[in-house]
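Asker: There's a structure below that I have some questions on.
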Amino acid sequence: MKEKPKSAGRLAAAGAAALAVWLGLTAAGCSGGRSPAEKYTWVTMDESYAPRNSVEEFIKADAEDKGLLPVSIRDYGRSATVLKKFRGRNLAAANETVLGMTFKGLEDWMLVDLRYRNENERDVQRTILYVQVNGRWMVGDSGRLMD
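Here numbering that gives the first Met the number 0 is used: the first residue of the sequence shown is 0, the next is one more, and so on.
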């Protein structure tokens with residue numbers, strides 16, 4: 000019987016150890032230290048900002064009415080990956096099926112981070128789930144993204 004070289008055994012052990020570490024990090028939800036949110040940029044919305052969609056129009060009008068401009072937004076759109084990280088008052092780690100069961104008549108949805116100063120001059124940051132039901136956009140839930 001032919002004996003394996005010692006270096007081959009060490010190489011196999013190192014490969015198994017690396018695989019175990021990768022599987023452990025994956026199971027723990029680690030993505031190399033990068034949050035899915037880091038792929039998206041913050042945009043400052045002020046009086047001169049031209050909204051790109053009806054949700055941004057709603058955010059701008061609401062901020063103007065409350066005297067909160069400027070606000071910063073980070074628009075995740077319909078990212079299922081980011082939706083899985085969302086923890087709100089009513090939903091946690093949801094998917095599109097759960098959204099459809101929660102919001103009867105759901106046509107569309109969108110996740111947006113908002114950052115602003117409230118009327119007491121306190122910095123506020125939250126993640127808002129906007130849903131479109133029967134042709135009307137509204138706030139579906141409010142919370143934050145988990146790491």
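The C-beta atom is built at its ideal place from N, Cα and C for all residues, glycine as well.
With the cut-off set at 7 Å, would you say Gly-142 and Thr-126 are in Cβ contact?
Answerer: On the sequence shown, position 143 is the one that residue 142 refers to. On the sequence shown, position 127 is the one that residue 126 refers to. Result yes, Cβ atoms of Gly-142 and Thr-126 sit closer than 7 Å.
Asker: Among all the DSSP beta bridges, which residues are the ones paired with Gly-87?
Answerer: Mapped onto the sequence shown, residue 87 falls at position 88. Answer is Gly-142, bridged to Gly-87.
Asker: Am I right that Val-132 and Leu-98 are in contact with their C-beta atoms under 8 Å? What's the rounded C-beta distance?
Answerer: Along the sequence shown, read from residue 1 onward, the residue named residue 132 stands at position 133. Along the sequence shown, read from residue 1 onward, the residue named residue 98 stands at position 99. Incorrect: roughly 10 Å between the Cβ atoms, too far for contact.
Asker: Please name the residue or residues paired with Arg-73 in a DSSP beta bridge.
Answerer: Position 74 of the sequence shown, counted from the start, is the residue given in the question as residue 73. Answer is Asp-112.
Asker: Can you give the Cα-Cα distance for Leu-22 and Asp-122, rounded to whole angstroms?
Answerer: Residue 22 sits at position 23 when you count from the first residue of the sequence shown. Residue 122 sits at position 123 when you count from the first residue of the sequence shown. Low local confidence applies: a pLDDT of 47 at Leu-22 is under 50, so the model's placement there is unreliable, and no value is given.
Asker: For Leu-82, which of Val-70, Ile-72, Glu-95 and Asn-89 has the nearest alpha-carbon?
Answerer: What you label residue 82 is simply residue 83 of the sequence shown in a count that begins at 1. With distances taken between Cα atoms, Leu-82 lies closest to Glu-95.
Asker: Thinking C-alpha only, which one of Ala-91, Tyr-39, Arg-73 and Lys-65 is nearest Val-54?
Answerer: As a first step, residue 54 must be located in the sequence shown, where it is residue number 55. When each option's Cα is compared against that of Val-54, the closest is Arg-73.
Asker: Please classify Ala-62: is it buried, with 16 or more other beta-carbons within 10 angstroms of its beta-carbon, or exposed?
Answerer: Taking the first residue of the sequence shown as 1, we reach residue 62 at position 63. With 16 or more Cβ atoms within 10 Å of its Cβ, Ala-62 is classed as buried.
Asker: Mind checking which residues open and close the beta strand (DSSP E) that includes Leu-128?
Answerer: Stepping through the sequence shown from its first residue, residue 128 is reached at position 129. Taken as a continuous stretch (DSSP letters only), the beta strand (DSSP E) holding Leu-128 covers 122-132.
Asker: With DSSP run on the structure shown, which of helix, strand or coil describes Thr-40?
Answerer: Here the question's residue 40 lines up with position 41 in the sequence shown. If DSSP states are grouped into helix, strand and coil, Thr-40 belongs with coil.
Asker: Short of 6 Å in beta carbon distance, which residues of its chain neighbour Val-111, apart from the five on each side in sequence? Order them along the chain.
Answerer: By 1-based counting over the sequence shown, the position of residue 111 is 112. Ile-72, Asp-74 and Ile-127.
Asker: Residues in its own chain within less than 6 Å of Asn-117 by CB, not counting five upstream and five downstream?
Answerer: Here residue 117 refers to the residue found at position 118 when the sequence shown is read from its first residue. Val-123, listed in sequence order.
Asker: Taking the C-alpha atoms as reference points, what is the distance between Glu-120 and Thr-40?
Answerer: As a first step, residue 120 must be located in the sequence shown, where it is residue number 121. As a first step, residue 40 must be located in the sequence shown, where it is residue number 41. Between Glu-120 and Thr-40, the C-alpha separation is close to 24 Å.
Asker: With a CB to CB cut of under 7 Å and the five nearest residues on each side skipped, what residues in its chain are close to Pro-154?
Answerer: Coverage of the chain is limited to positions 0 through 146, which leaves residue 154 absent and any answer about it impossible.
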